[in-house]
Amino acid sequence: MAGFNRIIIVGNLTRDPEYRQLTSGQAVCRLGIATNRQFKNRQTGAMVQEVCYIDIDVWGAQAESCRQYLQKGRSVLIEGRLKFDSWEDQAGQTRNKHSVVADRVVFLGSGASADITEQEPVDERFESLAQNNKEIADQIGDLKAKMAAKSLAKKKAPAEMPATGEIAFNDEAPFKDELPF
């Protein structure tokens, strides 16, 4: 029987990433995210907010990136597969839960804990981009001026034509070249 196990979730991190390196050298990072669903209760007419908490496992190089760049409150898009975990707790009871194994993690907005100050120095790359934009704007202005001049010349050209509608050619001496034939 064929199956399809794919999940895409957008949510906010509920805690800082938990990073571990296994004895095999493989990196794993566990994320906790929350997603919200808002709907109207048909019986009461009140808006209801439903929150779903999901554990995400990220492996390999992406785990390193998550550890480095993510923190609580940050928005992420997770694409992966659903996994069913089963284990026995300290009391000897069997526990179960679903989690997601991420194939792709996309860092979205800056999140609640990231602040941007106006006093940060402007990156030199942005300064050079601004200079390039100014140069391009100047070139566009020059091209517009040339096109306007050509357009004006075309408007004057029909006035120089004879009233008969014929084009007048200047009589010139035949073209002489150095070819023997």
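Our numbering numbers the first residue of the sequence shown as 1026 and each following residue consecutively. All residues carry an ideal CB built from backbone N, CA and C; glycine is no exception. All figures in this text were calculated on a predicted structure; none of them were measured in a lab.
By a C-beta neighbour count over all protein chains shown, 10 Å radius and 16 as the cutoff for buried, is residue i buried or exposed?
i, result
"residue 1095", "buried"
"residue 1056", "buried"
"residue 1083", "buried"
"residue 1127", "buried"
"residue 1130", "buried"
"residue 1038", "buried"
"residue 1103", "buried"
"residue 1166", "exposed"
"residue 1033", "exposed"
"residue 1036", "buried"
DSSP on residue i, reduced to helix/strand/coil?
i, result
"residue 1052", "strand"
"residue 1147", "Unreliable placement is indicated for residue 1147, whose pLDDT of 48 sits below 50; no coordinate value is reported for it."
"residue 1029", "coil"
"residue 1209", "The requested residue 1209 does not occur in the structure, where the chain is confined to residues 1026 to 1206."
"residue 1047", "coil"
"residue 1138", "Annotation note: pLDDT 43 at residue 1138 (below 50); position unreliable, coordinate value reported separately. In this structure, residue 1138 counts as coil in the three-state DSSP scheme."
"residue 1040", "coil"
"residue 1034", "strand"
Thinking residue i and residue j are a contact (beta carbons under 8 Å), I'd like their distance in whole angstroms, please.
i, j, result
"residue 1259", "residue 1100", "Absent from the model: residue 1259. The displayed extent of the chain is 1026 to 1206, so no value can be given."
"residue 1111", "residue 1081", "Going by Cβ atoms, the distance from residue 1111 to residue 1081 rounds to 18 Å, so no, they are not a contact pair."
"residue 1030", "residue 1106", "5 Å"
"residue 1088", "residue 1044", "7 Å"
"residue 1097", "residue 1062", "Not confirmed; about 21 Å, so no contact."
Does the region 1063-1078 touch the region 1106-1119, meaning 3 or more C-beta pairs lie closer than 8 Å? no
In the region 1055-1136, which residue ranges form an unbroken beta strand (DSSP E) of at least 3 residues, counting only runs that do not cross its ends? 1072-1084, 1100-1113, 1119-1132
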